[in-house]
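J.:
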Amino acid sequence: MHRRLVSFPWRLVAAPGYLQRSGAPRTTADLARHVCLRQKLSTGRLAPWPLRNAGEVEPPASLTANIIDPLIEMALAGAGIAALPDFLVREHLASGALVTVLKQETERTGTLSVLWAANRFRTPKVRAFVDFLHEWSRDDIGSPEPRRL
Numbered sequence: 342m343h344r345r346l347v348s349f350p351w352r353l354v355a356a357p358g359y360l361q362r363s364g365a366p367r368t369t370a371d372l373a374r375h376v377c378l379r380q381k382l383s384t385g386r387l388a389p390w391p392l393r394n395a396g397e398v399e400p401p402a403s404l405t406a407n408i409i410d411p412l413i414e415m416a417l418a419g420a421g422i423a424a425l426p427d428f429l430v431r432e433h434l435a436s437g438a439l440v441t442v443l444k445q446e447t448e449r450t451g452t453l454s455v456l457w458a459a460n461r462f463r464t465p466k467v468r469a470f471v472d473f474l475h476e477w478s479r480d481d482i483g484s485p486e487p488r489r490l
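Under the numbering used here, the first residue of the sequence shown is numbered 342, with each subsequent residue one higher.
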């Protein structure tokens, strides 16, 4: 069983220091000359970047990680450009530690869902937890200002 919680935008982000050293890309084709921090999925394939012309441009996989956290840290350290969910980098964007690049060229949104074992009867505890996650994600992830628990 599953319940869709919230949709969120993806951002292409980089540290200001990286952009000063390497220049900011002006088109998606410019990504070929940049260090691109990519996520490798459990299938071994690279996660797609949220590019409007995704079929035409494949950013290089200069550095890869199989989870998002190291990509955030590498972007913050000025190692390159990363495609990351908005809600994970919102505070870094607000502080200026990261900046958005090619905003006009991104279009994909992600979806956060909750999954649980199929059962004819959803227990009150599971129902309460799923409802809590739905409210929390809508209020926190789906809003421009994150809320702390």
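Glycine included, each C-beta is placed from N, C-alpha and C at the ideal position.
What you are looking at is a predicted structure, and each value in this text was computed from that prediction instead of being measured.
Pro357: buried (16+ other C-beta within 10 angstroms of its C-beta) or exposed?
T.: Pro357 is exposed by the Cβ-count criterion.
J.: Measuring CB to CB, does Ile453 end up less than 7 Å from Leu346?
T.: Correcting the residue identity first, residue 453 is Leu in this sequence and not Ile. Yes, the Cβ-Cβ distance between Leu453 and Leu346 is below 7 Å.
J.: Secondary structure at Leu392, three-state DSSP: helix, strand or coil?
T.: Leu392: strand per DSSP, three-state reduction.
J.: Quick one, which of Met415, Ala370 and Gln445 has its alpha-carbon nearest Gly396's?
T.: Closest by alpha carbon: Ala370.
J.: Leu409 lies in the alpha helix (DSSP H); which residues open and close that run?
T.: Before going further, note that residue 409 is Ile rather than Leu in the sequence given. From DSSP, the alpha helix (DSSP H) with Ile409 extends over Ile409 to Leu417.
J.: Name the two residues that bound the continuous alpha helix (DSSP H) containing Val354.
T.: Looking at the DSSP string, Val354 is not in any alpha helix (DSSP H); the run it does join, the beta strand (DSSP E), is His343 to Ala355.
J.: Please confirm whether Leu387 and Arg379 have their CB atoms less than 7 Å apart.
T.: Taking 7 Å as the Cβ cut-off, Leu387 and Arg379 qualify as a contacting pair.
J.: Considering only their Cβ atoms, is the gap separating Gly421 from Ser436 smaller than 7 Å?
T.: Against a cut-off of 7 Å, the Cβ pair of Gly421 and Ser436 comes out as no contact.
J.: Should Leu456 be labelled buried (16 or more other beta-carbon atoms within 10 Å of its own) or exposed?
T.: Exposed, since its Cβ has fewer than 16 Cβ neighbours within 10 Å.
J.: Within its chain, find whatever has a CB closer than 7 Å to the CB of Ala438; leave out the 5 residues flanking it on each side and keep chain order.
T.: These residues qualify, in order along the chain: Ala356 and Leu417.
J.: Can you give the Cα-Cα distance for Val430 and Thr441, rounded to whole angstroms?
T.: Going by the C-alpha atoms only, they are around 10 Å apart.
J.: Give a yes or no on whether the C-beta atoms belonging to Ala423 and Leu412 are separated by under 7 Å.
T.: Closer than 7 Å, so yes.
J.: By the three-class DSSP mapping on this structure, what secondary structure does Gly451 have?
T.: Of the three classes helix, strand and coil, the one that applies to Gly451 here is strand, per DSSP.
J.: DSSP state of Arg488, grouped into three classes?
T.: At Arg488 the pLDDT is 41, less than 50, meaning the model places this residue with poor confidence and gives no usable figure here.
J.: Roughly how many whole angstroms lie between the Cα atoms of Lys466 and Ala365?
T.: Those two C-alpha atoms are separated by around 49 Å.
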